[in-house]
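Novice:
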Amino acid sequence: MSTRLISFVSLAGAVLLLPFYLEFVLGYHARQVGLFLAVIPLCLGVFSPLSGMVADRVGDRKVMTVGFLFLVIGYFSLSTLGTQTTALGVVLRLLPVGLGMGTFQAPNNSAIMGAVSPAQLGIASGLVSLSRTLGQVLGVAILGALWASQTLAAYGAPLPGGVTTAPADAQVAGLQTTMWVVTLLAIAALALNGWLLAQNRTPAQAPLPAD
19 MSTRLISFVS
29 LAGAVLLLPF
39 YLEFVLGYHA
49 RQVGLFLAVI
59 PLCLGVFSPL
69 SGMVADRVGD
79 RKVMTVGFLF
89 LVIGYFSLST
99 LGTQTTALGV
109 VLRLLPVGLG
119 MGTFQAPNNS
129 AIMGAVSPAQ
139 LGIASGLVSL
149 SRTLGQVLGV
159 AILGALWASQ
169 TLAAYGAPLP
179 GGVTTAPADA
189 QVAGLQTTMW
199 VVTLLAIAAL
209 ALNGWLLAQN
219 RTPAQAPLPA
229 D
């Protein structure tokens, strides 16, 4: 459940901040921004069913680990966005994020629901929804505040018109720092998932023979 929470904290922060970058730094219109962001849900729709089928064969944890590897790559690449990044460059950075979430979600849901008895499926389903909503709320609040503070720090002066009126260089500096934090969160989730995978592989100790 903790890796799921982290995944939605990270995704919510990225989805919140990218429209500001695309509109106020690169100069795209709102409709074009929506087309860029559509890359993520499109990847989710394509890869979630596929990852679920693969997880049924090789195990949930292995597929989740692959998903977080893609997320680390995607978030790290987003931390390299600049004032001259092309449309293709943006799309290529969003693809591993969408691929990672699409690869992670289905086996994660399966692992959570499969870990409880049939009588507790309702509780598990509620916790799945809670982790998603809580992650989105925390991601928007914490990472949005971090981006604003880092943008102001990069500009070095108050912005009466709001942080989106900062020069492009300052906004990019704030975004890069924030995406570094998101990358670290994804790395932490990857490490946690890898540790859990190793724990599952550890054979149980055989009981000692009775005297």
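According to this note's numbering, the sequence shown is numbered sequentially starting from 19.
Every residue, glycine too, gets a C-beta built ideally from N, C-alpha and C.
Output the residue ranges of the alpha helix (DSSP H) runs that lie fully inside the segment 64 to 133 and measure 4 residues or longer, sorted by chain position.
Specialist: 78 to 96 and 105 to 132
Novice: Cα-Cα, which of 172, 162 and 207 is closest to residue 190?
Specialist: 172
Novice: Look at the alpha carbon of residue 133 and the alpha carbon of residue 168, and state the distance between them as a whole number of angstroms.
Specialist: Cα to Cα, the separation comes out at about 41 Å.
Novice: Using three-state DSSP, classify residue 144 as helix, strand or coil.
Specialist: helix
Novice: Just how far apart, CA to CA, sit residue 55 and residue 112?
Specialist: 8 Å
Novice: Which value, in whole angstroms, describes the spacing of the CA atoms of residue 192 and residue 176?
Specialist: A direct Cα-Cα distance of roughly 15 Å separates residue 192 from residue 176.
Novice: Residues in its own chain within less than 6 Å of residue 123 by CB, not counting five upstream and five downstream?
Specialist: Taken in chain order, the residues that qualify are 66.
Novice: According to DSSP, simplified to helix, strand and coil, what is residue 25?
Specialist: DSSP places residue 25 in helix when its eight states are reduced to three.
Novice: Beta-carbon within less than 8 Å of residue 78's beta-carbon, same chain only, minus the 5 sequence neighbours each way: which residues are those?
Specialist: The residues are 125, 126, 128, 129 and 132.
Novice: Pick from 53, 80 and 44: whose alpha carbon is nearest that of residue 213?
Specialist: 80
Novice: Pick helix, strand or coil for residue 46, following the three-state DSSP scheme.
Specialist: coil
Novice: When DSSP labels each residue in this structure, what does residue 177 get in the three-state scheme?
Specialist: coil
Novice: Can you tell me whether residue 185 is helix, strand or coil according to DSSP?
Specialist: coil
Novice: Secondary structure at residue 135, three-state DSSP: helix, strand or coil?
Specialist: coil
Novice: Classify residue 159 as helix, strand or coil using the three-state DSSP reduction.
Specialist: Shown here, residue 159 sits in a helix according to DSSP, grouped into three states.
Novice: Measure the beta-carbon distance from residue 186 to residue 98 and round it to whole angstroms, keeping in mind my assumption that it falls under 8 Å.
Specialist: Not a contact, Cβ separation roughly 15 Å.
Novice: Quick one, are the C-beta atoms of residue 161 and residue 119 less than 7 Å apart?
Specialist: No, they are not a contact pair.
Novice: Can you round the beta-carbon distance between residue 196 and residue 31 to whole angstroms, since I take them to be within the 8 Å contact cut?
Specialist: 7 Å
Novice: Should residue 144 go down as buried or exposed, given a rule of 16 or more other Cβ atoms within 10 Å for buried?
Specialist: exposed
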